[in-house]
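If you want the numbering used here, it's the position in the sequence shown, counting the first as 1, plus 582.
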Amino acid sequence: MKLDTLTHGVELPSMSAHPIAEYWRPEVIEALRHQDWAKTDLRERIDLAAWQGFVADLPRDPYVNLRWKRMSWLALNDQGEVEDMGQCPMAQGGAFNDAESMADRLRYYDPLTQAFLARPDVKAFVLAWATLWGIGAHEPILMQITGVRGEGAVDPLQGQGIHADGCKALSILVLNRENVAGAENHLFADKAGTQSLVDITLNPGDILHLRDDRLFHSVDGIEQLDSEAPFERFIIIINSRFVDDFQNRILRRHFPKAVLNERR
Numbered sequence: 583m584k585l586d587t588l589t590h591g592v593e594l595p596s597m598s599a600h601p602i603a604e605y606w607r608p609e610v611i612e613a614l615r616h617q618d619w620a621k622t623d624l625r626e627r628i629d630l631a632a633w634q635g636f637v638a639d640l641p642r643d644p645y646v647n648l649r650w651k652r653m654s655w656l657a658l659n660d661q662g663e664v665e666d667m668g669q670c671p672m673a674q675g676g677a678f679n680d681a682e683s684m685a686d687r688l689r690y691y692d693p694l695t696q697a698f699l700a701r702p703d704v705k706a707f708v709l710a711w712a713t714l715w716g717i718g719a720h721e722p723i724l725m726q727i728t729g730v731r732g733e734g735a736v737d738p739l740q741g742q743g744i745h746a747d748g749c750k751a752l753s754i755l756v757l758n759r760e761n762v763a764g765a766e767n768h769l770f771a772d773k774a775g776t777q778s779l780v781d782i783t784l785n786p787g788d789i790l791h792l793r794d795d796r797l798f799h800s801v802d803g804i805e806q807l808d809s810e811a812p813f814e815r816f817i818i819i820i821n822s823r824f825v826d827d828f829q830n831r832i833l834r835r836h837f838p839k840a841v842l843n844e845r846r
């Protein structure tokens with residue numbers, strides 16, 4: 583695959599590099615290349631209603647109140663097929679996640695179901711996402727279905743505020759948004775939030791790509807539109823090429839042969 587090398591350390595496919603690059607419109611690739619973020623939608627690429635069905639049986643997050651979550655570590659094999667790597671905890675160092683309930687802790691979650699991972703549109707999405715970011719064979723890809731539901735108001739970030747996730751390639755896909763006021767996404771050039779870049783409200787099927795090692799992000803709190811009904815907002819987070827040394831150490835421990843973005 584021919585790749586255009588970027589000064590930011592992540593490679594994106596050239597326009598005609600690979601048939602799967604047609605999954606993303608050319609303006610998406612160009613926006614990501616020139617401004618470090620891009621927004622598009624996948625409503626013509628995935629069966630959104632079917633994906634929404636996998637929200638119903640999510641286990642509660644044992645570390646964060648009012649959140650539900652599953653996650654799996656995936657990778658491309660030498661034949662370019664998507665494979666489940668097996669279990670490994672999520673680990674974010676305090677430099678990237680300063681929430682008291684999550685920073686510098688190993689967090690264990692139930693995996694994404696095989697029924698979900700076996701879907702052709704899920705496999706196509708992961709492969710297209712890896713191609714967009716130039717992710718190669720045996721590079722761990724973390725894919726999560728996570729979100730909040732309830733009544734009243736909730737901070738979906740649970741105190742993280744403006745932050746980075748500790749990787750180079752990050753995308754957020756909204757699965758559902760029911761009876762929700764708020765939850766506007768914000769991108770910044772600095773962690774202090776003095777250099778605002780864009781404010782975006784993502785609707786179901788919308789996906790936001792961003793260079794997590796170049797930008798910072800946050801999302802507003804969530805409230806009920808109708809006080810007589812609960813709210814619900816679930817997303818898919820998919821990321822790779824970790825710059826968080828803590829996460830890389832745990833990945834190396836669980837996947838000795840994985841290709842990691844380790845500092846030399």
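For glycine and all other residues, C-beta sits at the position ideal for the given N, C-alpha and C.
CA-CA distance, Ser800 to Val646, rounds to 17 Å. The alpha carbon of Pro786 has as its nearest neighbour, out of Met672, Arg759, Phe837, the alpha carbon of Arg759. The beta-bridge partner set that DSSP reports for Ala751 consists of Arg793, Ser822. The stretch 653-664 makes contact with the stretch 709-727: 3 or more CB pairs, one atom from each, lie closer than 8 Å. Asp802 has its alpha-carbon roughly 16 Å from the corresponding atom of Gly732.
For Ile717 and Lys705, the gap between their C-alpha atoms comes out near 15 Å. Contact between Val637 and Lys750 is absent: CB atoms are separated by about 28 Å, not below the 8 Å threshold. In the DSSP annotation of this structure, the continuous segment of the beta strand (DSSP E) that includes Asp781 starts and ends at 778-782. For Arg687, the uninterrupted beta strand (DSSP E) run begins and ends at 687-689, by DSSP. From the listed residues Arg834, Ile818, Trp606, the smallest Cα separation to Pro722 is found for Arg834. By the 16-neighbour rule on beta-carbons within 10 angstroms, Asp747 is buried. Counting of Cβ neighbours within 10 angstroms places Gly729 among the buried residues, the total reaching 16 or more.
Inclusion of Ile832 and Ile789 in the CB contact set at 8 Å is not warranted, their separation being larger than that value. Under the three-state reduction of DSSP, Phe837 is assigned to coil, being neither helix nor strand. In this structure, Leu842 keeps its C-beta atom at 8 Å or more from the C-beta atom of Leu792.
In this structure, Ile818 keeps its C-beta atom at 8 Å or more from the C-beta atom of Met672. Of the residues assessed, Leu630 falls on the buried side of the cut-off, its CB having 16 or more other CB atoms within 10 angstroms. In terms of CA proximity to Asp623, Leu757 leads the group Glu810, Ser822, Thr695, Leu757. Residues Leu648, Val730, Gly803, Ile804 of the same chain have their beta carbon placed closer than 7 Å to that of Val736, with the five preceding and five following residues left out of the count.
Counted as a single uninterrupted DSSP element, the stretch harbouring Glu609 is not any beta strand (DSSP E) but the alpha helix (DSSP H) occupying residues 608-617. The C-alpha of Asp639 lies about 11 Å from the C-alpha of Ile727.
In summary, Lys839 is exposed, with fewer than 16 beta-carbon neighbours lying within 10 Å of its beta-carbon over all protein chains present.
With fewer than 16 other Cβ atoms inside 10 Å of its own Cβ, Ser778 counts as exposed.
Here the C-alpha atom of Ala771 lies approximately 35 Å from the C-alpha atom of Gly668.
DSSP, read as helix, strand or coil, puts Asp623 in strand.
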